[in-house]
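J.: All residue numbers for the sequence shown refer to the numbering used here, where the first residue is 119 and numbers rise by one.
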Amino acid sequence: ASRVAFWGALAEEQGRAVTVDVAPAPIEVAVPEADAVAMVDALIGNVLSHTEDGVAFAVALLAADGAAVLRVEDGGTGFSDRSVLERGRGHGTGLGLDIAKRTAESAGGSLEIGRSALGGASVVVTIPRRS
Numbered sequence: 119a120s121r122v123a124f125w126g127a128l129a130e131e132q133g134r135a136v137t138v139d140v141a142p143a144p145i146e147v148a149v150p151e152a153d154a155v156a157m158v159d160a161l162i163g164n165v166l167s168h169t170e171d172g173v174a175f176a177v178a179l180l181a182a183d184g185a186a187v188l189r190v191e192d193g194g195t196g197f198s199d200r201s202v203l204e205r206g207r208g209h210g211t212g213l214g215l216d217i218a219k220r221t222a223e224s225a226g227g228s229l230e231i232g233r234s235a236l237g238g239a240s241v242v243v244t245i246p247r248r249s
């Protein structure tokens, strides 16, 4: 939640509507906190870097079936194809998605990309909860 608030200031400056849905209690995951922070920063940073000012986005972090599920969605143009998960393809370096994917997979989780309800990109990261 603190990382979403951190990025919220820049989002407001860029005229973006932000929807946040975060679990009321902290969700402990099976990755170091610094890695989880880097992952959230990378995904929200991607939205702010790769969509136009004014484009809305949503962030949700919820507990489901023994895992934390982080969903970052935007109203931009979305991903052109699945090659965005390969670093160096597309408009950016792919570093943000790579950071998130590696973080999730290091704990036995996953990262999925798709089309969001807002019309743009959707990134869903699932990471097992710490036992």
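All residues carry an ideal CB built from backbone N, CA and C; glycine is no exception.
The alpha helix (DSSP H) with Val187 in it runs from where to where?
T.: To locate residue 187, count along the sequence shown from 1; it is residue 69. Here Val187 belongs to no alpha helix (DSSP H); instead the beta strand (DSSP E) covers Ala185 to Asp192.
J.: Residues in its own chain within less than 6 Å of Val177 by CB, not counting five upstream and five downstream?
T.: In the sequence shown, residue 177 corresponds to position 59, counting from 1. Contacts found: Val122, Val138 and Val190.
J.: Hey, out of Ser120, Asn164, Pro142 and Ala135, whose CA is closest to Ala218's CA?
T.: Your numbering for residue 218 matches position 100 in the sequence shown. Checked all of Ser120, Asn164, Pro142 and Ala135; the closest Cα to Ala218 is Asn164.
J.: Below 7 Å CB to CB, which residues in the same chain sit around Glu146 once its five sequence neighbours on both sides are set aside?
T.: Working through the sequence shown from its first residue, we reach residue 146 at position 28. Arg247 and Arg248.
J.: By the 10 Å Cβ neighbour count, where 16 or more other Cβ atoms means buried, how is Gly232 classified, buried or exposed?
T.: The residue given as residue 232 occupies position 114 in the sequence shown. Exposed, because fewer than 16 other Cβ atoms sit within 10 Å of the Cβ of Gly232.
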